[in-house]
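What follows is a set of notes on a single structure, which appears directly below.
Number of protein chains: 2
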Amino acid sequence: MIIDCHGHYTTAPEPHNVWRETQKANFKAGGDVDPAYPDISDDEIRETIEKNQMRLLKERGADMTVFSPRASTMAHHVGNEDVSKAWTRRCNDLIKRVVGLFPETFVGVCQLPQSPGIDIAHSIGELERCVNELGFIGCNLNPDPSGGKWNGPPLTDKAWYPFYEKMVELDVPAMVHVSGSCNPNFHATGAHYINADTTAFMQFIEADLFKDFPDLRFIIPHGGGAVPYHWGRYRGLADMLKKPNLRDHVMKNVYFDTCVYHQPGIDLLFRVIDTKNILFGSEMIGAVRGIDPETGNYFDDTKRYVDALAISAEDKAMVFEGNARRVYPRLDAILKAQGR
Amino acid sequence: MIIDCHGHYTTAPEPHNVWRETQKANFKAGGDVDPAYPDISDDEIRETIEKNQMRLLKERGADMTVFSPRASTMAHHVGNEDVSKAWTRRCNDLIKRVVGLFPETFVGVCQLPQSPGIDIAHSIGELERCVNELGFIGCNLNPDPSGGKWNGPPLTDKAWYPFYEKMVELDVPAMVHVSGSCNPNFHATGAHYINADTTAFMQFIEADLFKDFPDLRFIIPHGGGAVPYHWGRYRGLADMLKKPNLRDHVMKNVYFDTCVYHQPGIDLLFRVIDTKNILFGSEMIGAVRGIDPETGNYFDDTKRYVDALAISAEDKAMVFEGNARRVYPRLDAILKAQGR
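Those protein sequence lines, which keep their order, are chains A and B. For our numbering, count along the first sequence from 1 and bump the result up by 416. For our numbering, count along the second sequence from 1 and bump the result up by 416.
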């Protein structure tokens with residue numbers, strides 16, 4: 417089967433977005449930051465999914481998506497901790513409804529109630545709720561909840577450790593994923609996302625996080641940012657920093673997805689990164705929604721690029737399914753319970 | 417001939433670095449930020465060059481380097497405008513001495529006296545001095561003089577326009593190059609450099625800078641950051657932003673160097689980027705100084721990767737020489753005056 421490890425609910429029903437606007441307005445006015453949530457019918461949710469992600473999944477020949485709230489609107493820098501907490505809960509609950517309606521097509525990954533300057537330990541409760549009560553299989557961890565100011569500690573700082581302990585205990589991985597940018601220097605999907613991926617990987621090289629947490633697992637999306645293209649640089653920097661080679665130092669714990677929107681990029685990814693570290697992903701419907709005039713296909717139809725690779729059927733099965741089941745053990749358990 | 421468009425004086429004589437430490441200490445103590453500069457003999461300079469850059473140039477079979485002050489120690493965020501101004505002048509004068517000693521091997525590119533929050537127009541005087549009096553052919557422009565806080569305007573903001581007007585008037589290009597990082601999230605050469613490259617390119621996509629300055633030219637180093645690897649994403653984003661295709665919108669004015677430290681990366685660069693937009697560069701002696709255990713050669717011996725490409729002799733000549741002479745007209749003039 418073909419599992420897309422990277423999809424966000426970018427087509428959520430409008431009342432959900434209206435609730436968020438109300439919340440932000442209330443915050444500014446000193447009002448209730450967790451106002452009553454609108455009635456959204458199952459049919460409304462079905463429609464947003466069937467017309468969009470589900471239609472494209474079928475058209476492209478994939479089976480399911482690891483689904484999380486829209487990344488660009490997590491916006492951890494907006495409001496304060498209470499705002500982030502209430503919004504996050506609403507977003508995760510909505511994902512749960514999608515999964516409930518289409519349990520064979522979607523599996524949930526949660527947004528976290530991060531907030532700039534707030535201890536990440538405050539996010540543990542929501543992670544536990546989503547995993548233990550909602551049946552989610554992982555989380556999106558924002559390495560820069562400030563939205564482009566980058567004024568918090570690196571991911572390898574001990575401040576993050578309580579959260580990592582919980583991830584290991586629950587046996588869930590995190591996708592490293594920033595949100596929107598409030599820094600005019602950084603276009604969200606064109607610079608901030610890719611920079612964050614590159615930044616996180618280099619942080620992992622500099623430190624010894626995976627000595628402390630040998631079972632901790634991260635997916636770095638968007639094909640690992642700039643990393644595969646500069647793989648020689650990163651191998652050389654690890655060497656200069658007197659670290660073990662990247663295979664042992666980082667790549668037992670870090671995975672890249674295939675959200676790279678052209679064939680040459682995917683070819684490079686597979687040329688330099690071990691297949692066991694690559695998970696199929698498209699971020700559909702996401703950052704780049706158009707059709708590539710050079711190919712006539714959607715830029716983000718990344719399955720085509722993987723299909724075109726001259727790799728073995730076993731390797732393709734790893735990328736499309738096996739690696740995801742290994743990196744997300746709770747996904748594997750759900751699929752097994754479904755007889756898949 | 418073979419021109420390396422990207423080399424920094426990372427091996428400057430120790431008294432030069434001591435002067436800088438004195439300057440910084442004086443600044444802290446409220447003292448003279450432009451103290452007397454040490455006597456550095458021609459022999460001292462010769463030794464730092466002959467043993468290092470010159471030796472490696474010869475070993476690797478290149479002819480000359482477009483040479484600028486060490487990027488990581490520009491450190492525009494240290495001190496204040498006067499500190500940056502005095503340090504920059506010392507650094508550029510030292511480059512001029514190298515060029516004077518080895519006029520057939522080095523040609524100068526200047527550091528700029530940028531400073532966070534200070535109008536870039538204040539850098540025009542030093543650019544003019546370096547070009548008109550010292551014979552330099554370009555400059556390194558720091559898109560983030562804060563050193564990783566990214567709290568200034570994007571490169572496309574009108575605040576930069578007076579400087580661009582002078583660049584066009586002098587017919588010199590700029591390499592977009594950040595300096596060291598004072599942000600613990602960003603490793604300088606492993607994250608901040610690459611992120612800045614990616615960020616600058618996306619800024620150029622978002623705006624219409626080259627409509628306002630059709631003759632303005634930038635070199636984005638380190639192979640263009642993440643851009644070639646994500647070329648599909650950038651083509652798709654330009655389309656979503658209703659911009660012309662990248663060839664017309666950005667690539668008449670932007671060039672990438674070959675500072676990508678492994679063969680697969682260079683292969684990708686040449687597969688997706690027009691040869692006319694690629695300048696040979698190594699950043700030698702720079703960020704990555706070791707030998708790649710997989711090849712037995714220096715990571716930054718990028719000439720080997722270009723040599724290994726299956727491209728025509730004409731294309732190689734463009735990358736090694738022709739493009740540099742076109743992008744830096746003052747280099748072409750110097751070479752012609754030397755009968756080359």
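Backbone N, C-alpha and C fix where the C-beta goes; we use that ideal spot for every residue, glycine too.
### Message
Tell me the DSSP secondary structure of SER539 (chain A) in three-state form.
### Response
By 1-based counting over the first sequence, the position of residue 539 (chain A) is 123. In the structure shown, SER539 (chain A) sits in a helix (DSSP, three-state: H, G or I).
### Query
Helix, strand or coil: how does DSSP classify SER500 (chain B) here?
For the purposes of this step, residue 500 (chain B) is taken as residue 84 along the second sequence, with counting starting at 1. SER500 (chain B) falls in the helix class under three-state DSSP.
### Query
ALA729 (chain A): beta carbon under 7 Å from a heavy atom of the ligand NAP?
Among the ligands in the structure shown, none appear at all, so the ligand NAP cannot be discussed.
#### Entry: C-beta neighbour in chain B for ILE689 (chain A), strict 8 Å
Along the first sequence, read from residue 1 onward, the residue named residue 689 (chain A) stands at position 273. For ILE689 (chain A), the answer is no, since every Cβ of chain B falls outside 8 Å of its Cβ.
#### Entry: Neighbourhood of ARG462 (chain A) by C-beta, 7 Å cutoff - its chain only, sequence neighbours within 5 removed
Residue numbering aside, residue 462 (chain A) sits at position 46 when the first sequence is read from its first letter. Once the five neighbours on either side are set aside, the close Cβ partners of ARG462 (chain A) are LEU517.
### Query
For GLY423 (chain A), which three-state DSSP category applies?
Within the first sequence, residue 423 (chain A) is the residue found at index 7, counting from 1. If DSSP states are grouped into helix, strand and coil, GLY423 (chain A) belongs with the strands.
### Query
What alpha helix (DSSP H) runs, 4 residues minimum, are completely inside the stretch 544-626 of chain A?
577-586 and 609-622
### Message
Distance cutoff 8 Å, beta carbons only. Does VAL704 (chain A) sit that close to anything in chain B?
### Response
Counting from 1 along the first sequence, the entry for residue 704 (chain A) is found at position 288. With 8 Å as the cut-off, VAL704 (chain A) counts as an interface residue toward chain B.
### Query
Mind checking whether ILE553 (chain B) and VAL482 (chain B) have CB atoms under 8 Å apart?
To locate residue 553 (chain B), count along the second sequence from 1; it is residue 137. To locate residue 482 (chain B), count along the second sequence from 1; it is residue 66. Yes, the pair counts as a contact, with Cβ atoms nearer than the cut-off.
#### Entry: Close-in-space but distant-in-sequence residues of the same chain around PRO451 (chain B) (CB under 8 Å, 5 per side omitted)
For the purposes of this step, residue 451 (chain B) is identified with residue 35 of the second sequence, where counting begins at 1. Cβ within range, chain order: TRP435, THR438, GLN439 and ASN442.
### Query
For ALA359 (chain A), does the count of other Cβ atoms within 10 angstroms reach 16, so buried, or fall short, so exposed?
Limits of chain A in this structure are 417 at one end and 756 at the other, which puts residue 359 (chain A) out of reach.
### Task
Determine the direct distance from the alpha carbon of ASN669 (chain B) to that of ASN433 (chain A), and round the result to whole angstroms.
To locate residue 433 (chain A), count along the first sequence from 1; it is residue 17. To locate residue 669 (chain B), count along the second sequence from 1; it is residue 253. Distance between the alpha carbons of ASN433 (chain A) and ASN669 (chain B): 40 Å.
### Task
With GLY524 (chain B) as the anchor, note down where its beta strand (DSSP E) starts and where it stops.
Within the second sequence, residue 524 (chain B) is the residue found at index 108, counting from 1. Start and end: 522-526.
### Query
Does the stretch 655-666 of chain B come within contact of the stretch 704-724 of chain B, defined as at least 3 CB pairs closer than 8 Å?
no
### Task
Verify the CB distance criterion: does HIS665 (chain B) have a CB-CB separation below 8 Å to chain A?
Here residue 665 (chain B) refers to the residue found at position 249 when the second sequence is read from its first residue. HIS665 (chain B) does not count as touching chain A.
### Task
Taking all protein chains shown into account, decide if GLU382 (chain A) is buried (16 or more other Cβ within 10 angstroms of its Cβ) or exposed.
Residue 382 (chain A) lies beyond the stretch modelled for chain A, which goes from 417 to 756, so this question has no answer here.
### Query
Do we get a CB-CB distance below 8 Å when we pair GLY533 (chain A) with the residues of chain B?
Reading the first sequence from its first residue, position 117 is the one you call residue 533 (chain A). With 8 Å as the cut-off, GLY533 (chain A) does not count as an interface residue toward chain B.
### Query
Residues of chain A with CB under 8 Å from TYR650 (chain B), in chain order?
On the second sequence, position 234 is the one that residue 650 (chain B) refers to. Per Cβ cutoff of 8 Å: GLY606.
### Query
Between the beta-carbon of HIS424 (chain A) and the beta-carbon of ASP673 (chain A), is there less than 8 Å?
Locating residue 424 (chain A) in the first sequence gives position 8, counting from the first residue. Locating residue 673 (chain A) in the first sequence gives position 257, counting from the first residue. No; because the gap between Cβ atoms is not below 8 Å, this pair is not in contact.
### Sequence-distant residues of the same chain with beta carbon closer than 6 Å to CYS507 (chain A), five excluded per side
Start at 1 with the first residue of the first sequence, and residue 507 (chain A) comes out as number 91. Counting only Cβ-Cβ distances below 6 Å, and skipping sequence neighbours, we find PRO485 and GLN527.
### Message
Please give the ranges of any beta strand (DSSP E) in the stretch 419-485 of chain A, keeping only runs that are unbroken, at least 3 residues long and fully inside the region.
### Response
419-425 and 480-485
### Query
Which residues does DSSP pair with ILE636 (chain A) in a beta bridge?
The residue you call residue 636 (chain A) lines up with position 220 of the first sequence. Paired residues: A:PHE672.
### Query
Any idea what DSSP makes of ILE750 (chain B), helix, strand or coil?
Start at 1 with the first residue of the second sequence, and residue 750 (chain B) comes out as number 334. It is helical.
### Query
Under a three-way DSSP split, which group does LEU662 (chain A) fall into?
Here residue 662 (chain A) corresponds to residue number 246 of the first sequence, with the count starting at 1. Looking at LEU662 (chain A) - three-state DSSP - the assignment turns out to be helix.
### Query
At a cut of 8 Å, does the stretch 580-591 of chain B reach the stretch 536-552 of chain B through at least three beta carbon pairs?
yes
### Boundaries (first-last residue) of the alpha helix (DSSP H) holding GLY697 (chain B)
To locate residue 697 (chain B), count along the second sequence from 1; it is residue 281. First-last for GLY697 (chain B): undefined, no H or E at that position.
### Nearest to PHE634 (chain B) (by Cα), restricted to the options B:ASN558, B:TYR645 and B:GLU622
Locating residue 634 (chain B) in the second sequence gives position 218, counting from the first residue. Of B:ASN558, B:TYR645 and B:GLU622, the residue nearest in Cα terms is B:ASN558.
### Message
Please list, in chain order, the residues of the stretch 590-603 of chain B that have any C-beta partner in chain A closer than 9 Å.
### Response
ASN599, PRO600, ASN601, PHE602 and HIS603
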